[in-house]
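Asker: There's a structure below that I have some questions on.
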Amino acid sequence: MQQYKCDIAIVGSGIGGLAAGALLSNAGYRVIVVEKMPFFGGRCATLDFQGYKIDTGVSLVVDEVHGTLCREVGVDFEFRGVDPLLVCHLKGKDYPFGTAEGMATLISDASRDEAEMGRVFQAMMNAVTWTEPSSSMSFLDWIMQYTDNPDLLAVFQCLVTSIFGLRLSEVPAGAYFRMIAETEKAGLKTSGFPLHGGGAVSNALVKAIRARGGDVWRHCPALRVNVDNGRATGVLVTRRGKECGIQAQAVISNAGPRQTLELVGTERLSAGYVKEVESLKSVPIIRVAATSDEALMEGSSVRLLTEARRMLLVWTPSNGNPHIAPEGKHLLAGFAFPASAYPPFDFEDDIKLCLQDLRDFIPGFDERAEILRIDTFHGDWPEYGTHSGYGLPLKTPVEGLYLVGDTTAPLGWFGSPAAVKSARLATADVMQRYQPCPLE
Numbered sequence: 104m105q106q107y108k109c110d111i112a113i114v115g116s117g118i119g120g121l122a123a124g125a126l127l128s129n130a131g132y133r134v135i136v137v138e139k140m141p142f143f144g145g146r147c148a149t150l151d152f153q154g155y156k157i158d159t160g161v162s163l164v165v166d167e168v169h170g171t172l173c174r175e176v177g178v179d180f181e182f183r184g185v186d187p188l189l190v191c192h193l194k195g196k197d198y199p200f201g202t203a204e205g206m207a208t209l210i211s212d213a214s215r216d217e218a219e220m221g222r223v224f225q226a227m228m229n230a231v232t233w234t235e236p237s238s239s240m241s242f243l244d245w246i247m248q249y250t251d252n253p254d255l256l257a258v259f260q261c262l263v264t265s266i267f268g269l270r271l272s273e274v275p276a277g278a279y280f281r282m283i284a285e286t287e288k289a290g291l292k293t294s295g296f297p298l299h300g301g302g303a304v305s306n307a308l309v310k311a312i313r314a315r316g317g318d319v320w321r322h323c324p325a326l327r328v329n330v331d332n333g334r335a336t337g338v339l340v341t342r343r344g345k346e347c348g349i350q351a352q353a354v355i356s357n358a359g360p361r362q363t364l365e366l367v368g369t370e371r372l373s374a375g376y377v378k379e380v381e382s383l384k385s386v387p388i389i390r391v392a393a394t395s396d397e398a399l400m401e402g403s404s405v406r407l408l409t410e411a412r413r414m415l416l417v418w419t420p421s422n423g424n425p426h427i428a429p430e431g432k433h434l435l436a437g438f439a440f441p442a443s444a445y446p447p448f449d450f451e452d453d454i455k456l457c458l459q460d461l462r463d464f465i466p467g468f469d470e471r472a473e474i475l476r477i478d479t480f481h482g483d484w485p486e487y488g489t490h491s492g493y494g495l496p497l498k499t500p501v502e503g504l505y506l507v508g509d510t511t512a513p514l515g516w517f518g519s520p521a522a523v524k525s526a527r528l529a530t531a532d533v534m535q536r537y538q539p540c541p542l543e
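In structure tokens, the structure reads:
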């Protein structure tokens, strides 16, 4: 059996795995990333479908996270910032927000009177500037202390679900305000779209890894994480139809917690850790992609639909971006969430409601648009790997085996930025414990 050697072996080429690989390669480590799929990036990839660029998950990125990472490792991607990124659609009116002033205007117009507006806004400001609410209660229980106004609840439902993919009753109250605090602390201000789709970020990171002597192998499923005396020593994979081994000082898994359990074997892990992994609840999402001859919406901002049944986020990524759709065509993207993040799901019914939401929001939708594809993301390919507030540590019970991805980020981080954050934390620990080996 052929054997390869590297400093760090990485299983999975999602944004967490590629970020870790690029950071380590930039620091002089020899890295091999293995990916079972025929493309790089996991949920941060872009595929061609009938001439349209369709993202596998990540469409929006944050320049202070993704852009900074790429520039740090010597690569870049074309990025278009959008301001305002989010616009809340309430009772036929659009409300740009993202600042305290914008939020105040939205809350004011949704409130019954000034007293209610003041009560809600003061509670929010106190949670942001003084102390966040207890996470022993849900966001719904917290906000119901100050209002039962359906319009305000719909606004908060949109805000919370757009971030966490969960209903108000499913999100710990403190999670939302921890996110605001972490966003402020990290200076995350510039969001927008990679001009060639979310996969442009992953492709740039692959380029960075290869430029420094590392490699990323597609069509290369991992079969086992090798463990010797309680320490990870490499990975057994299938490459080009044959089994081969990768010897490494440490292993980073971006394959997902459950898949990592299978690669290691539950007998090598503590019962408590196995229970933690098995208790994780992922977040499902529904995506609708529709095409048209004319743009169905103006601008590039993402609309949050407060009065929709299932559809939450809608935007037209082809506006001002010739790379997303064929010439003379436009692409509309809509993301929706099931009635609950907990199974069983009735995606057939959810999709019917999604399409009705689009008909209600976009005049003449059936006549002007054609459905390109509808996808559901759940199970082993969810929107998020865990509910906010319920993650795992970076280090597994196996010495030298790390987990990266959105399930292992600090509280307050979510989605793709969380995966990058976890990669930074994991690689910082790797660099403290292991030294790059001299090239043979």
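Quick note: the sequence shown, position 208, residue 311 per the numbering used here, numbers continuous.
Virtual Cβ for every residue (Gly too), placed ideally from N, Cα, C.
For M548, does the count of other Cβ atoms within 10 angstroms reach 16, so buried, or fall short, so exposed?
Answerer: Outside the displayed range of the chain (104 to 543) lies residue 548, so it cannot be described from this structure.
Asker: Using only CA atoms, which one of E473, V114, P541 and V185 lies nearest to C323?
Answerer: V114
Asker: Run the CB neighbour count on W320, radius 10 Å, all protein chains shown included, and call it buried at 16 or more, exposed below.
Answerer: buried
Asker: R527 by DSSP, collapsed to three states: which one?
Answerer: helix
Asker: When the Cα atoms are used, what is the spatial distance from V178 to L308?
Answerer: In this structure, the straight-line span from the alpha carbon of V178 to that of L308 is close to 7 Å.
Asker: Could you check the C-alpha separation between G119 and L326 for me, to the nearest Å?
Answerer: 20 Å
Asker: Could you check whether D158 and T149 sit closer than 7 Å to each other, using their CB atoms as the reference points?
Answerer: Cβ distance < 7 Å, so T149 and D158 count as in contact.
Asker: Starting from W245 and walking both ways along the alpha helix (DSSP H), at which residues does that stretch end?
Answerer: F242 to I246
Asker: Put E258 into one of helix, strand or coil per three-state DSSP.
Answerer: Reading off the sequence, residue 258 comes out as Val, not Glu. Looking at V258 - three-state DSSP - the assignment turns out to be helix.
Asker: Determine, using beta-carbon pairs with one atom in the region 200-218 and one in the region 254-270, whether at least three such pairs fall under 8 Å.
Answerer: yes
Asker: Restricting to Cα atoms, I'd like to know which of P539, S519 and P496 is closest to Q352.
Answerer: Checked all of P539, S519 and P496; the closest Cα to Q352 is P539.
Asker: Return helix, strand or coil for L364, following the three-state DSSP convention.
Answerer: Helix.
Asker: List the whole-angstrom C-beta distance separating V507 from A130, where the pair is believed to meet the contact cut-off of C-beta under 8 Å.
Answerer: Their Cβ separation, rounded to whole angstroms, is 16 Å, which puts V507 and A130 out of contact at 8 Å.
Asker: List the whole-angstrom C-beta distance separating V330 from R371, where the pair is believed to meet the contact cut-off of C-beta under 8 Å.
Answerer: Confirmed, about 6 Å.
Asker: Given E175, which residues of its chain have a CB within under 8 Å of its CB, disregarding the five upstream and five downstream residues?
Answerer: L126 and N129
Asker: Could you give the residue range of the alpha helix (DSSP H) that holds S116?
Answerer: Element bounds for S116: n/a, residue is neither H nor E.
Asker: Indicate whether the contact test is met: 3 or more Cβ pairs, each with one atom in the region 222-229 and one in the region 267-274, closer than 8 Å.
Answerer: no
Asker: When DSSP labels each residue in this structure, what does H322 get in the three-state scheme?
Answerer: coil
Asker: Within 10 angstroms of its Cβ, does P541 collect 16 or more other Cβ (buried), or is it exposed?
Answerer: Exposed, because fewer than 16 other Cβ atoms sit within 10 Å of the Cβ of P541.
Asker: Where are the beta strand (DSSP E) runs, 3 residues long or more, that stay fully inside the region 188-227, in chain order?
Answerer: 189-193 and 196-200
Asker: What are the start and end residues of the alpha helix (DSSP H) that includes S459?
Answerer: Here residue 459 is Gln; the residue named in the question, Ser, does not match the sequence. Run containing Q459: F450 to F464, per the alpha helix (DSSP H) assignment.
Asker: Pick helix, strand or coil for C109, following the three-state DSSP scheme.
Answerer: coil
Asker: Helix, strand or coil: how does DSSP classify C147 here?
Answerer: coil
Asker: Quick check: the region 372-382 against the region 483-502, are there 3 or more CB pairs under 8 Å?
Answerer: yes
Asker: Is the beta carbon of T394 closer than 7 Å to that of K455?
Answerer: no
Asker: Work out the CA separation of V405 and I427 for me, nearest whole Å.
Answerer: 16 Å
Asker: Assuming A436 and S162 make a contact with CB atoms under 8 Å, what is their CB distance in whole Å?
Answerer: 7 Å
Asker: Kindly indicate which three-state DSSP category G302 falls into: helix, strand or coil?
Answerer: helix
Asker: In terms of residues, what are the limits of the beta strand (DSSP E) holding I427?
Answerer: Counting along the chain, I427 falls outside any beta strand (DSSP E), and DSSP gives it neither H nor E.
Asker: For H490, which of helix, strand or coil comes out of DSSP?
Answerer: coil
Asker: Per DSSP, S596 forms a beta bridge with which residues?
Answerer: Residue numbering for the chain in the displayed model covers 104 to 543; residue 596 lies beyond these limits and cannot be assessed.
Asker: State buried or exposed for N332, treating a residue as buried only when at least 16 other CB atoms are found within 10 Å of its CB.
Answerer: exposed
Asker: Starting from I477, follow its DSSP beta bridges and name the residues at the other end.
Answerer: Bridge pairing for I477: V391 [DSSP].
Asker: Go through the region 498-527 residue by residue and report every complete run of the beta strand (DSSP E) that reaches 3 residues or more, in order.
Answerer: 504-506
Asker: Do you know offhand how far D305's Cα is from L528's?
Answerer: The sequence given here places Ser at residue 305; Asp does not occur at that position. Going by the C-alpha atoms only, they are around 19 Å apart.
Asker: Could you confirm whether any beta carbon from chain D is found closer than 7 Å to the beta carbon of Y279?
Answerer: Of the protein chains in this structure there is only one, and it is not chain D.
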